[in-house]
Amino acid sequence: MSDELDTPSGLSLTVVLCVDQDSFDRFGMVLRRLTVGLVDEAIPLRVVSSDDRAEKLTLGLVQTFIHEPITWPWSERRIRRVLEMLAPHHPTIVHALSSKSYRLAGAMASAYDADLILQVTSVADCDEIVRTRDQRVGAFLTFSEPLVKMLEEQGKVPPEHIELIRPGILAVKKVACFAHADRVPTVLCTSRLERHTGVDRLIEAAAMLRDRGREVLVFLLGAGSQEDTLRRMVRDRHLAAYVTFSHPLGDLMQAFQSADVFVRPSADNAFTVDALAAMGVGAAVVSLPSVVCDHLRAEETAVICEGQTAGDLAEAIESLLADPEYARMLAARGQEYVRTHHAMSGMAQRTAEVYRKLALARATFRIKE
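Residue numbers (this note's numbering): 251 to 619.
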């Protein structure tokens with residue numbers, strides 16, 4: 251198979267997608283759908299990553315290249331190795347999915363004279379763009395309106411260089427929230443078990459709900475360096491019958507479909523798709539405010555907990571437990587929001603359009619030369 255493919259528009263196009271661990275952690279569930287969709291769009295892909303999860307993206311026109319982490323003091327040497335590994339597969343476009351892969355993507359774009367696309371999904375991504383001011387970037391892709399605004403105001407990026415492409419999320423037909431009246435309500439949290447992710451706050455809230463006589467089961471599906479500390483916290487508060495730690499090995503969708511309430515117990519500066527996935531299956535969402543996620547809309551798609559104490563979080567969860575009818579209505583609204591704004595096919599189609607637009611601009615420029 252040729253390294254470049256004539257797309258339906260007649261343009262030769264090959265894309266390298268730089269996917270780092272952070273991208274898999276925050277929106278990994280949409281990457282498979284993106285790659286499958288791009289294959290349907292006849293876009294040949296080379297996925298470059300230091301994360302073994304990238305192997306699961308290999309199919310059809312998608313090839314995967316796993317490299318060593320680009321970390322100091324070996325970063326320059328490892329970047330050269332990646333360039334050598336990809337030498338027979340010169341891309342025409344390099345697309346980096348977060349700031350942790352911007353440096354590698356920039357090196358590829360320079361080495362292969364390729365167009366550079368930066369995905370902007372967090373405050374850290376925007377800060378890196380402000381810091382580096384890389385003039386080679388052909389397009390910036392974002393997941394939300396707040397990120398568009400950050401790029402325009404802080405990054406001074408012209409609006410015509412920014413594309414808002416929302417992640418594609420599955421929306422099922424049924425509403426999961428309190429679908430089984432005879433079952434103990436379940437609360438799901440997928441946040442990493444690290445400092446400042448708010449999981450300790452959720453455990454304290456679970457203790458408060460128990461003390462108020464609210465029967466609820468909390469499932470913590472994350473992993474991280476603070477797991478032992480948080481497990482000890484659960485034991486000390488005698489919550490073993492109420493709080494369960496679990497590490498799902500497969501797709502998280504089954505866990506989402508079994509939840510009544512999804513909780514994001516921290517104020518995020520980075521876009522994650524977990525709340526969207528919960529909305530898609532019809533779970534009610536409780537979240538602290540987010541500066542980047544515009545799908546979290548107070549009383550429309552989620553209960554937004556403006557206060558950041560365990561007591562505030564307990565009250566937000568209890569408002570749903572006390573009024574299942576309201577909770578199901580809120581969950582149904584969130585589900586409809588996903589159907590309207592996060593169609594599965596839209597992300598791949600719009601991304602392919604950006605690729606072809608850049609390829610056409612380059613071809614036109616060469617003709618003029």
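Glycine residues also receive a C-beta, built at the ideal position from the N, C-alpha and C atoms.
- Have a look at LEU263, THR436 and VAL380 and flag the residue whose alpha-carbon is nearest the alpha-carbon of GLU568. THR436
- Task: Let me know the secondary structure DSSP gives THR392 once reduced to three states.
- Result: strand
- GLN313 in three-state terms, based on DSSP: strand
- Return the CA-CA distance between LEU608 and MET358, expressed in angstroms with no decimal places. 16 Å
- Query: To which residues does DSSP link GLU413 through a beta bridge?
  - Reply: LEU391
- Query: Where do the ends of the alpha helix (DSSP H) carrying ARG514 lie?
  - Reply: Careful: ARG514 lies outside any alpha helix (DSSP H), inside the beta strand (DSSP E) at 511-514.
- Nonlocal neighbours in the same chain, by C-beta distance under 6 Å from ILE412, ignoring five residues either side: PHE390, VAL398 and LEU401
- Task: Please state whether DSSP places ILE293 in a helix, a strand or coil.
- Result: coil
- Item | Those residues which DSSP pairs with CYS439 across a bridge | LEU470
- Note down the Cα distance separating SER349 from CYS376, rounded to an integer number of angstroms. 8 Å
- Query: Which one or two residues does DSSP pair with ASP302 in a beta bridge?
  - Reply: According to DSSP, ASP302 bridges with nothing at all.
- Would you list, in sequence order, the uninterrupted alpha helix (DSSP H) runs of no fewer than 4 residues that lie entirely inside the segment 555-584? 560-571
- Which residues in the same chain have their Cβ closer than 6 Å to the Cβ of LEU255, if we skip the five residues on either side of it in sequence? Because LEU255 sits at a pLDDT of 48, beneath the cut-off of 50, its placement in the model cannot be relied upon, and the following sentence gives the value as read from the coordinates. These residues qualify, in order along the chain: PRO294.
- Message: For GLY485 and TRP322, I'd like the C-alpha separation in whole angstroms.
- Response: At residue 485 the sequence reads Arg, which differs from the Gly that was named. Looking at the two C-alpha atoms, the distance is approximately 40 Å.
- Query: Between GLY310, ALA346 and GLU326, which lies nearest to PHE274 when the distance is taken from Cα to Cα?
  - Reply: ALA346
- Item | Pick from ASP461, LEU288 and GLY532 that is closest to ARG600, judged by C-alpha positions | LEU288
- Which two residues bound the contiguous alpha helix (DSSP H) that contains VAL380? 373-382
- Alpha carbon to alpha carbon, how far is GLN504 from VAL536? 19 Å
- Message: Using 8 Å for Cβ pairs, my map puts ILE316 next to ASP302. What's the rounded Cβ distance?
- Response: 7 Å
- Query: Would a C-beta distance cut-off of 8 Å place ALA364 and VAL344 closer than the cut-off?
  - Reply: yes
- Item | Alpha-carbon to alpha-carbon, LEU471 and PRO498 | 7 Å
- Check the DSSP bridge columns for ILE351 and list the partner residues they point to. Looking at the sequence shown, residue 351 is not Ile but Ser. Partner(s): none; SER351 has no beta bridge.
- Query: Identify the residues that DSSP records as bridge partners of ALA359: which are they?
  - Reply: Partner(s): none; ALA359 has no beta bridge.
- Message: Just to check my reading of the structure: ALA421 and GLY278 have Cβ atoms closer than 8 Å, yes? What is that Cβ distance to the nearest angstrom?
- Response: Between GLY278 and ALA421 the Cβ distance is about 19 Å, and since that is not below 8 Å, they are no contact.
- Put VAL425 into one of helix, strand or coil per three-state DSSP. coil
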